[in-house]
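Participant:
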Amino acid sequence: MLALTKQSPTARSYADATDLQAIAALINACEAFDHLDQGTSVEELRQDFADPEFDLTRDLQLWVNSQGHLVGYGSLWMPPSSETQDGFLGFKVRPDVRSQGIEDQILAWAEDRLREKDQASGLPLNLRAGAREHQADRLALLAAHGFSSVRYFYRMARPLATAIPTPQLPPGYRVQSLQPNQVEAWVAMFNQTFIDHWNFHPLTVEQRQHWLTDPDYEPGLDLVALDPEGTFAAFCLGSIYSQDNRRTGRHEGWIADLGTRRGFRQQGLGRAMLLTGLQHLKAKGVATALLGVDAENPSGALRLYESVGFRQLFTSIAYCKTLPG
């Protein structure tokens with residue numbers, strides 16, 4: 001790793017909204033160079049950084065060169081937990097200045113920030129990051145800094161021109177859109193659904209309400225299944241990211257969250273809600289449905305997705321580094 005020189009980039013905190021344009025430009029340049037086929041915008045960053053669990057002045061760090069141009073950044077999301085303090089690190093470095101020490105500084109900053117966050121709780125610390133399987137340099141960087149691969153995730157896609165089977169709900173069940181006064185009940189269902197999943201972090205009502213403020217939020221894609229007594233039993237949250245579609249020229253939509261509450265499984269609710277969500281995406285003009293899935297999902301989600309026509313696009317790898325206390 002090359003040593004930084006006196007003219008090397010310096011780190012600073014987020015200043016104001018004018019930084020968002022530079023961050024978006026950096027992300028988009030890196031995504032194109034790394035063949036990730038994604039991107040972002042000022043509006044999307046503003047929404048992401050407004051997450052109630054994200055401290056914009058402390059959980060975001062920027063690296064600028066001597067001309068004042070942004071060449072790297074790191075963001076650290078640290079959801080509340082009673083068992084471990086996890087920090088999910090996102091970072092980008094401009095391609096022409098990679099492997100010159102900026103990445104090392106970003107990872108060191110993330111460790112320091114995670115320790116700072118944990119001072120009061122004393123919980124075990126896990127710094128987490130990820131990469132696509134083809135990003136050899138990034139994978140090598142994480143390994144060199146003591147990270148280990150801990151999980152694999154698949155991005156999957158299904159063309160909606162292919163016929164969608166008719167959903168079959170259990171007798172007496174019905175599907176409706178989530179109402180604003182039902183957010184607390186939805187969060188309780190969500191947490192009971194995923195409590196037995198890997199690296200689960202409880203969702204808060206405040207976070208779920210934040211989702212409702214997203215300009216791309218579609219109430220008609222926020223679906224819940226109710227049992228005959230009116231209890232929330234399953235859910236399918238769909239999303240259409242309009243700016244992504246404008247950037248790519250495609251018409252894609254997401255099955256963002258899908259689950260069946262514990263105590264309501266083995267009735268076909270997951271399949272019924274998935275198919276219902278696909279129907280709603282198709283009705284919105286979506287040509288291809290996307291989703292992400294844990295390759296070791298304990299509920300058999302991968303088999304379900306494959307059974308209705310989803311196929312794998314690529315693999316992402318989750319990395320973790322446990323920090324000494």
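Position 290 of the sequence shown, counted from 1, bears residue number 290 in UniProt numbering, the numbering being contiguous throughout. Quick reminder that beta carbons are idealized off the backbone N, C-alpha and C, glycines included.
(1) Output the distance between the C-alpha atoms of D253 and A22, rounded to the nearest integer angstrom.
(2) Name the DSSP beta bridge partners of W211, please?
(3) Pull up the distance between the alpha-carbon of T10 and that of F91, whole angstroms please.
(4) With a CB to CB cut of under 8 Å and the five nearest residues on each side skipped, what residues in its chain are close to residue 338?
(5) Determine whether the beta carbon atoms of Y255 and G277 lie at a separation below 7 Å.
(6) What separation, rounded to the nearest whole angstrom, lies between the Cα atoms of F200 and F153?
(7) Would you decide whether D16 is buried or exposed? Buried here means 16 or more other CB atoms lie within 10 Å of its CB.
(8) When the distance is taken between beta carbons, is V205 closer than 7 Å to V187?
(9) Tell me the DSSP secondary structure of residue 394 in three-state form.
(10) Give me the DSSP bridge partner(s) of C320.
(11) So, is H280 buried or exposed, given that buried needs 16 or more other C-beta atoms within 10 angstroms?
(12) Would you kindly check if the distance between the Cβ of T162 and the Cβ of G309 is under 7 Å?
(13) For L291, which residues from the same chain have a beta carbon less than 6 Å from its beta carbon, with the 5 sequence-adjacent residues on both sides left out?
Facilitator: Put simply:
(1) For this step, residue 253 is matched to residue 253 along the sequence shown. For this step, residue 22 is matched to residue 22 along the sequence shown. This sequence places Gly at residue 253; Asp is not what is there. Near 27 Å, if we compare the C-alpha coordinates of A22 and G253.
(2) For this step, residue 211 is matched to residue 211 along the sequence shown. W211 is not bridged to any residue.
(3) Along the sequence shown, read from residue 1 onward, the residue named residue 10 stands at position 10. Along the sequence shown, read from residue 1 onward, the residue named residue 91 stands at position 91. Rounded to whole angstroms, the gap between the alpha carbons of T10 and F91 is 16 Å.
(4) This structure gives no information on residue 338, because the portion of the chain shown stretches from 1 to 325.
(5) For the purposes of this step, residue 255 is identified with residue 255 of the sequence shown, where counting begins at 1. For the purposes of this step, residue 277 is identified with residue 277 of the sequence shown, where counting begins at 1. Note that residue 255 corresponds to Ile in the displayed sequence, not to Tyr. Taking 7 Å as the Cβ cut-off, I255 and G277 qualify as a contacting pair.
(6) The residue labelled residue 200 in the question sits at position 200 within the sequence shown. The residue labelled residue 153 in the question sits at position 153 within the sequence shown. Their backbone Cα atoms lie some 15 Å apart in a straight line.
(7) As a working mapping, residue 16 is identified with position 16 in the sequence shown. Flag for D16 reads exposed.
(8) Position 187 of the sequence shown holds residue 187. Position 205 of the sequence shown holds residue 205. Going by C-beta atoms, V187 is nearer than 7 Å to V205.
(9) The structure shown does not extend to residue 394, since the chain is modelled only from 1 to 325, so the question has no answer here.
(10) Residue 320 sits at position 320 when you count from the first residue of the sequence shown. Paired residue(s): R128 and S148.
(11) Start at 1 with the first residue of the sequence shown, and residue 280 comes out as number 280. Result: buried.
(12) Here residue 309 is taken as the residue at index 309 of the sequence shown, counted from 1. Here residue 162 is taken as the residue at index 162 of the sequence shown, counted from 1. Yes; because the gap between Cβ atoms is below 7 Å, this pair is in contact.
(13) Locating residue 291 in the sequence shown gives position 291, counting from the first residue. These residues qualify, in order along the chain: M156 and I255.
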